[in-house]
Structure formats: C-alpha cells, structure tokens
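**Q** Below are the structure tokens for one structure; questions will follow.
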Ligand code: C2O
Ligand code: CU
Ligand code: CU
C-alpha cells in the first residue's frame, strides 16, 4: 500500500491552475479538490440526493409534464451535435432539455445537451478543452476508453469544486473507436451520470476509413440509458438498494424515439450509458445483425448475432440491414430483459446504401501472457473488491509498465458487475461459471467486461501508454460510488 505520489498530484495541480476562465478570483488548489471527497462517508449518497432537490422547478408547461409513460406517440430520434477535439469549454450545469415531447425538463448536462455533444476526433489529434463546474457539488470528467495520462484521465483523485475549472490537453494515440465521457467524482458519479451528464467520443483513423463503412446520415450514435422523472417531469435520481433502475428508456435523450430509415445498411454506434441496467439488444423480427466493433474499435472479423447483452459502459459497432423493409413497414430495436422497445425504425421505402463488410476488418495481435492469473480480484457484495472499499489515500497495487499480465475477475453475486479498467485495453480470454463462455462481441480490445453472478473472467492486459495512477472499478455506478473501486499505479 502506498499513497498517491506528490508528483502525480502536482501534475494535476498545474491543469487546475492554468485555466480559470469563469473564476473571478484565482483558484486556490485545496487538498480537498485533489483528494475529492476523502473525508466523506457513505452518508454522502443521502446528502447528494438533497442537492438534486435544490434545482429550479418551474417549467411553465401548465402541468403537461409527462412521466415517460407510453402515450402511443413517437418522437424523432435526436442526434447529439458533434464537436471538434479543440473545444473551448465543456460546461457541467443544470439545463432544460426537450426529450422530443416538447416539455422542458431539468437535467444536469454537458454544454446544455443531453446526451452531451459527440466528440469527433482522429488519431493524432490533440484534444484541448476546459471543463467548468457549474454544479453545486464536485465533479470531474473521465474519458472512458481513451488512453490518456493521469492528469488527463479525470479520475476521482482530481475532482474539482463548484466554480472551478480544469484544463485537459492530450493527444489521441489509439485506434478508431467509440468512447464514453462522463463524470467520475467519488460517491457522486451515479447521480451525475443519471441526471444527464454523459456523451460519446468518436475516434477515426485510416484503417477504418479504408473499410468505406456507411457514413452519416447512415452512421448514427445510439446512447441508450434508462430514466425516471419526478412529479414535475424533471430527471430524478432515486437509486434503490440494487442501484438505479429507471422506469423507461431514453435513446440519445429522446423519449420513445422513431427513426425514418432507407432501404439499406445502417451503422449504429451503441453505448450503454445506464447506471445499473444491462441491455439485451435484439430486433423485433429476430433478424440477425452484424457486430463489427466494440469498446476498443474494430473486431478482427464481423460477427453475425441475433442478440447482444451489453453491460454498462460497454460499446458496440453494428450494421443493421433494412433493405427488406418496405415503405411504411416498421421494425424495433428492443431490450429483451426489460421488454422495452428502445427505438422504432420506419421505412421510407427509398433506396439507401449497400455495404458488405470484408471478412477481415482488422488485425488483432493476440497478447501473449501468463496462463495463470497474475492478480485476482473478487467483486464482493456491492461495495468491495478483495474485501476492501475504495480509499482515495491507498494505492492498492502496482503494475509494471509494458508487461502482459493476466487479471482474473470473479464474483459470487450481486451482479451485474461490469469491470472497467482505466489506462489500458485488454483482451478477454475466458469465462467460467455463470454464462460459461465468451461472446462474439467480446473479441478484439475491451475496456469493460461484464461479470455476471458466479462468473470468473480472465483478461490479458498490458499498460504500454503511460505510467501513473489509474482506477479499476465496477461500472454499476452505485457499486462504484459505494466503494467497488481500487487505485493502482503503473510503474
Ligand atoms: Cu466509465 Cu472509471 O469509468
Ligand atoms: Cu474509464
Ligand atoms: Cu458491481
């Protein structure tokens, strides 16, 4: 055990001090800002709920607020605006948004949008942006899936206070992929994500360009989550003992969305942005669709499936063929578990794009590593890894740089536990117990793997981008907030 090094925190400190555009006074770096909420106890979860009740409540829609129930109406799928890698500000603040039904609902948003804008960057780009905390509680933004150093990772050790800013500046050094940005302040992540702060981060590269995949408007991000409204129709965070389970789905922040589709191939970039819900995705007619990528980008080869179990924080790149859907016909993408219709596709009858993926999409060099686990992590109860709750001031283990290790994740219960590692992608090599097998969407490079009850999953992992402090945690966000997280240091 070891405490975070002065060097790491001093580096983060320079990011905090170098940018303070919304401050009227220079930002004083407090130990609390760096160590987040080290003094807080689990009681903070209760306090945090009181904060959400303090937001403005007027919506002026004369009581027509809607509770998200299905009234038979469908609303056009919204697509998040895209932003370039050199964005000036990323603001976190309460905002009113329209989820399709015209009602203005209070949420917490990035740049006033739900989901936040989609970043569009290419390998080799430099990302620069200043995060501004307009909430009344600490926050920090993490770039889930991006290979960045400690000071840019936005982990819980560098949460900033209300009114403070944090400057990010990092290069994109990885392959094409869909990533996920969201808040990461310890004990407040579940609330902030649920209230609406989350979005996609797309990276493109030459390898992907060469495939000639269908471009926009046939390439569409689908950020899927669940939600609950309070009796004013505003976003509500009311986790139960088993985490936050919303009453209805939202896709790209749209209630009961419908998308008009041409008769052709669509490329959907799917992200499970829910706090605690696994989505079992399938088309309503049971038709197969093609998985071409996941968390870390393209798979080696396309995989044909009829359903996918997508854990929180996991991503999917799929091709869906609507060419046999005649004008006026519809199909839906459903969650079989929840028995929800997530989105309805209505055919325009117009001819769209044709596309057949090549048999080989990419070359995934298998990691060569130990056959026995280097480390074993048990996900215990709802708040512990290897028997311990997260402690800001404890570095749980150290990992040698550029060395392939075999990590074993195991649990007896209280799943789903989607296990997520910062700082590197991994290759999933085995699953025993529970579902007892690996699935086609778990090939290639992953940063999050779903651990169900009584499962043991082995992954091969190598930290070859940066040395420094990172976290590993359960992406069931209430588990994470309660302490199912560890600090480790790549040395
Ligand atoms: Cu998506 Cu550490 O988080
Ligand atoms: Cu992450
Ligand atoms: Cu968990």
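In my numbering, the protein residues as written are 4 to 494. Glycine is no exception: its CB is placed at the ideal position from the N, C-alpha and C atoms. For clarity, every value in this text was computed on a predicted model and none was experimentally measured.
1. Of the choices 425, 99 and 475, whose alpha-carbon is the least far from that of residue 394?
2. With DSSP collapsed to three states, give me the class of residue 155.
3. Measure the alpha-carbon distance for residue 429 versus residue 75 and round it to whole angstroms.
4. Contact between the stretch 113–130 and the stretch 86–103: three or more CB pairs below 8 Å?
5. How many Å lie between residue 349 and residue 73 at the Cα?
6. Can you say whether residue 189 is buried or exposed, counting buried as having 16 or more other CB atoms within 10 angstroms of its CB?
7. How many Å lie between residue 486 and residue 160 at the Cα?
8. In chain order, what residues of the same chain have a beta carbon less than 6 Å from the beta carbon of residue 162, not counting five sequence neighbours either side?
9. Where does residue 494 land, buried or exposed, given buried means 16+ other C-beta within 10 angstroms?
10. Looking at the unbroken alpha helix (DSSP H) that takes in residue 483, where does it start and where does it end?
11. Would you list the residues whose beta-carbon is nearer than 6 Å to any heavy atom of ligand 3, in the order they occur in the chain?
12. Starting from residue 193, follow the beta strand (DSSP E) in both directions and report where the run begins and ends.
13. Just jot down, in chain order, the residues whose CB lies closer than 7 Å to any heavy atom of ligand 2.
14. Quick check on the burial criterion: 16 or more other C-beta atoms within 10 angstroms. Buried or exposed for residue 113?
15. Output yes or no for whether 8 Å exceeds the beta carbon distance between residue 379 and residue 413.
16. Would you report the Cα separation of residue 405 and residue 377, rounded to the nearest angstrom?
17. Determine which residues share a DSSP beta bridge with residue 130 and list them.
18. Please return the same chain residues whose Cβ sits closer than 6 Å to the Cβ of residue 33, not counting the five positions on each side in sequence.
19. Can you tell me which of the three DSSP states residue 187 falls into?
20. Mapping the DSSP letters down to three states, classify residue 225 as helix, strand or coil.
21. Exposed or buried, which one is residue 451 when buried takes at least 16 other CB atoms within 10 Å?
22. What did DSSP end up calling residue 435 once you bin it into helix, strand or coil?
23. Buried or exposed: which applies to residue 440, given that a residue is buried once 16 or more other Cβ atoms fall within 10 Å of its Cβ?
24. Where residue 182 and residue 203 are concerned, what is the direct C-alpha to C-alpha distance, given to the nearest angstrom?
**A** Taking the definition as stated:
1. 475
2. helix
3. 43 Å
4. yes
5. 18 Å
6. buried
7. 14 Å
8. 39, 141, 143 and 188
9. exposed
10. 480–485
11. 382, 420, 477, 479, 482 and 487
12. Here residue 193 belongs to no beta strand (DSSP E); instead the alpha helix (DSSP H) covers 192–197.
13. 145, 147, 148, 423, 425 and 450
14. buried
15. yes
16. 14 Å
17. 173
18. Reliability of the predicted coordinates at residue 33 is poor, the pLDDT of 37 falling under 50, and the value obtained from them is presented with this limitation in mind. Same-chain partners within the cutoff: there are none.
19. coil
20. strand
21. buried
22. strand
23. exposed
24. 6 Å
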